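Here is the structure we will look at, set down as C-alpha cells.
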Amino acid sequence: MTKTLYAEFTVKPGSEARVAEMMLELTRHVRQEQGNELFLPYTREENPREYFVFEVYSDEAAFQEHIRAEYGARFNEELARHIEGDASELTWLLPVE
Numbered sequence: 003m004t005k006t007l008y009a010e011f012t013v014k015p016g017s018e019a020r021v022a023e024m025m026l027e028l029t030r031h032v033r034q035e036q037g038n039e040l041f042l043p044y045t046r047e048e049n050p051r052e053y054f055v056f057e058v059y060s061d062e063a064a065f066q067e068h069i070r071a072e073y074g075a076r077f078n079e080e081l082a083r084h085i086e087g088d089a090s091e092l093t094w095l096l097p098v099e
C-alpha cells in the first residue's frame, strides 16, 4: 500500500531564500529515490512563507528508506533553524476507495 502524506511548516522571516534553495535541492534528491512516486513542494499563495509538501511513496519500505537518507537528515537539521516550531507537521492520508 502506498504511503501518502503532506508536510507543513512556516519559514521564519528572513529565511525565505535559504529555505527555497534547500527545498529545491531536497526535491532533486527525493525524486530520484526508487520508491518515491510524487514529491511536490508548494508555498501558499496568500503567504509564501508557508510550505505544503505533498509526498507519495510506493510502500512503507520506500518511506523508511526516504527517512534514512543522509541528505534528508541534513535538510531537517538545518530546516529546524529556519522555521517556526521545532519541525514540520506531518499529516498521513488514506485513499477514499
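Residue 3 is where the sequence shown starts when you use our numbering, and the numbers rise one by one after that. Where is the CB? At the ideal position from N, CA and C, for every residue including glycine. These figures come from a predicted structure and were not determined experimentally.
On a CA-only basis, which of the options is nearest residue i? Give me that one, please.
i: Tyr53; options: Ile85, Ala82, Thr12, Thr6; result: Thr12
Assuming residue i contacts residue j (C-beta within less than 8 angstroms), just tell me the rounded distance between them.
i: Glu57; j: Leu40; result: 7 angstroms
Mind checking whether residue i and residue j have CB atoms under 8 angstroms apart?
i: Met25; j: Pro43; result: yes
i: Gly37; j: Ala63; result: yes
i: Pro28; j: Trp94; result: It should be pointed out that residue 28 corresponds to Leu in this sequence rather than to Pro. No, Cβ-Cβ distance for Leu28 and Trp94 is not below 8 angstroms.
i: His84; j: Lys14; result: yes
i: Ala9; j: Ser60; result: no
By the 10 Å Cβ neighbour count, where 16 or more other Cβ atoms means buried, how is residue i classified, buried or exposed?
i: Val32; result: buried
i: Val98; result: exposed
Short of 8 angstroms in beta carbon distance, which residues of its chain neighbour residue i, apart from the five on each side in sequence? Order them along the chain.
i: Phe65; result: Lys5, Gly37, Tyr59
i: Val21; result: Val13, Tyr53, Leu81, His84, Ile85
Tell me which same chain residues have a C-beta within less than 7 angstroms of the C-beta of residue i, skipping the five on either side of it?
i: Ser17; result: His84
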